[in-house]
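Visitor: Residue numbers for the sequence shown follow the numbering used here, so the first one is 30 and each next one is one higher. First the structure, then my questions, so here it is.
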Amino acid sequence: MKHIANFVVTLFILISIVSCKNETKKEQKEIQSTEHTKKGTDIHWSHQKGEDGPENWKNLSDNFTDCGGNAQSPININTNATSKIDSLVAIKFNYGKSAVTIINNKHTVQFNITGDNTVKLNGTDYKLLQFHYHTLSEHTIDGNHYPIEVHFVHKNSDTNFAVLGVLFEEGASNTLLAKYLENFPTSKGEFKSKDSIDILSLFPENKSYYNYKGSLTTPPCSEVVNWYVLKNPLTASKQQIETFSKILNNNYRPVQSLNEREVHVYNQ
Ligand SMILES: [Zn+2]
30 MKHIANFVVT LFILISIVSC KNETKKEQKE IQSTEHTKKG TDIHWSHQKG EDGPENWKNL
90 SDNFTDCGGN AQSPININTN ATSKIDSLVA IKFNYGKSAV TIINNKHTVQ FNITGDNTVK
150 LNGTDYKLLQ FHYHTLSEHT IDGNHYPIEV HFVHKNSDTN FAVLGVLFEE GASNTLLAKY
210 LENFPTSKGE FKSKDSIDIL SLFPENKSYY NYKGSLTTPP CSEVVNWYVL KNPLTASKQQ
270 IETFSKILNN NYRPVQSLNE REVHVYNQ
């Protein structure tokens, strides 16, 4: 009887230890995942549908909650619903020639810019940081995607960015793509160019634009962006579009609800 009693006590202690260990493990796991979620810097996210895809970005990190906000980008621009306002003026470019480093960061191909390139947009000065590409376009016009969209990312302060978006349609070969497409890193990596690029030459002649307030189109999706989507597209050849699309692999975020926002238009 004593033996049995001893055995029961021992068994009870053993079970307690095991369950306690499990509990601790569980807690540690929870703490780790919370820390991982909160940090937000190393969070894996993707443009493709799935657990880490656009629909779930807002759940991947406490830093990504803006991705579920009411002023997100990109949007569909319904040209019939845009309005003219007198306060909008022409974009004033102060761009020079700049050396570039071309980076493939697995989400896009990006040209990092050195030097002092600025734009004045409706009274505010912004400095150009980089430009990068999406295939298909992120913004749609009257429901239609274009094959490519380039984003020129400018910053005034941490809470005030301006992105100029330029769409590409199929047509004549694009000079910049002709020059650099074969050097684009096809996987994660970078290419330093010795040439200087005349940044303004990368824009269409006519700089009429659509303007609205939105967000970064990738996590953390911060709602700090004044968007200027140029009305007039550039062209790229069929082959350039195909080659580039293979590298970028549908790196566009689906369009987001406009909600209470208005899209204004400035015609040059
Ligand atoms: Zn972009």
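C-beta atoms are modelled at their ideal positions from N, C-alpha and C, and glycine is treated no differently.
(1) Contact defined as beta carbons within less than 8 Å: I believe Lys156 pairs with Lys121. What is the distance between those atoms, to the nearest angstrom?
(2) Pick from Val195, Thr94, Leu263 and Leu245: whose alpha carbon is nearest that of Thr204?
(3) Can you tell me whether Thr246 sits near ligand 1, meaning its C-beta is under 7 Å from at least one heavy atom of the ligand?
(4) So, helix, strand or coil for Tyr162, using DSSP?
(5) For the alpha helix (DSSP H) containing Lys267, name the first residue and the last one.
(6) Could you spell out where the beta strand (DSSP E) holding Trp256 opens and where it closes?
(7) Since Glu199 and Ile270 should fall inside the 8 Å C-beta cutoff, what is the C-beta to C-beta distance between them, to a whole number of angstroms?
(8) To the nearest angstrom, report how far apart Tyr281 and Gln101 are at their CA atoms.
(9) Just verifying my parser: in three-state terms, what is the DSSP assignment at Ser28?
(10) Just the C-alpha distance for Ala201 and Val294, rounded to the nearest angstrom, thanks.
(11) I'd like to check one pair, Glu234 with Ser112: are the Cβ atoms closer than 8 Å?
(12) Does the stretch 245 to 256 come within contact of the stretch 85 to 105, defined as at least 3 CB pairs closer than 8 Å?
(13) Taking the alpha helix (DSSP H) that Leu206 falls in, what are its first and last residues?
(14) On a Cα-Cα basis, can you pick out the residue from Trp74, Thr94, Ala110 and Leu117 that is closest to Tyr238?
(15) So, for Leu193: in the same chain, excluding its five sequence neighbours on each side, which residues have a beta-carbon less than 6 Å away from its beta-carbon?
(16) Indicate whether Thr273 and Leu196 have their beta-carbon atoms separated by less than 8 Å.
(17) Can you tell me whether DSSP reads Asp154 as helix, strand or coil?
(18) Please state whether DSSP places Thr215 in a helix, a strand or coil.
(19) Measuring CB to CB, does Glu3 end up less than 8 Å from Gly98?
(20) Expressed to the nearest angstrom, what Euclidean distance is found between the alpha-carbon atoms of Asn212 and Asn173?
(21) Following the continuous alpha helix (DSSP H) through Asn92, name the residue where it begins and the one where it ends.
(22) Taking Gly194 as part of the beta strand (DSSP E), name the residues at either end of that continuous run.
(23) May I ask you to report which of helix, strand or coil DSSP gives Asn109?
(24) In whole angstroms, give me the CA-to-CA distance for Ile142 and Leu231.
Guide: Walking through what the data contain:
(1) Lys156 to Lys121, Cβ: 14 Å. No contact.
(2) Comparing C-alpha distances from Thr204 to each of Val195, Thr94, Leu263 and Leu245 shows the shortest one belongs to Leu263.
(3) For Thr246, the CB falls within less than 7 Å of some heavy atom of ligand 1.
(4) Residue state, collapsed to three classes: strand.
(5) Counting along the chain, the unbroken alpha helix (DSSP H) around Lys267 starts and ends at Lys267 to Leu277.
(6) Where Trp256 is concerned, the enclosing beta strand (DSSP E) starts and stops at Val254 to Leu259.
(7) So it is a contact: roughly 6 Å between Cβ atoms.
(8) Near 14 Å, if we compare the C-alpha coordinates of Gln101 and Tyr281.
(9) The structure shown does not extend to residue 28, since the chain is modelled only from 30 to 297, so the question has no answer here.
(10) If I take the Cα positions, the gap works out to 27 Å.
(11) Their beta carbons are not under 8 Å apart, which means Ser112 does not touch Glu234 by this criterion.
(12) A contact between stretches requires three or more CB pairs, one per stretch, nearer than 8 Å, and the stretch 245 to 256 meets this requirement with the stretch 85 to 105.
(13) First-last of the alpha helix (DSSP H) with Leu206: Thr204 to Tyr209.
(14) For Tyr238, the closest C-alpha among the options Trp74, Thr94, Ala110 and Leu117 is that of Leu117.
(15) Excluding sequence positions up to five before and after Leu193, its CB lies within less than 6 Å of the CB of Phe181 and Tyr257, all in the same chain and listed in chain order.
(16) It should be pointed out that residue 273 corresponds to Phe in this sequence rather than to Thr. Against a cut-off of 8 Å, the Cβ pair of Leu196 and Phe273 comes out as no contact.
(17) Here Asp154 carries a strand assignment [DSSP, helix/strand/coil].
(18) In the three-state scheme derived from DSSP, where H, G and I count as helix and E and B as strand, Thr215 is classed as coil.
(19) Residue 3 lies beyond the residue range present for the chain, which begins at 30 and ends at 297; the question has no answer from this structure.
(20) Answer to the nearest angstrom: the Cα atoms are 30 Å apart.
(21) No alpha helix (DSSP H) contains Asn92, which DSSP labels as neither H nor E.
(22) Its beta strand (DSSP E) spans residues Asn189 to Glu199.
(23) Asn109: helix per DSSP, three-state reduction.
(24) Their backbone Cα atoms lie some 14 Å apart in a straight line.
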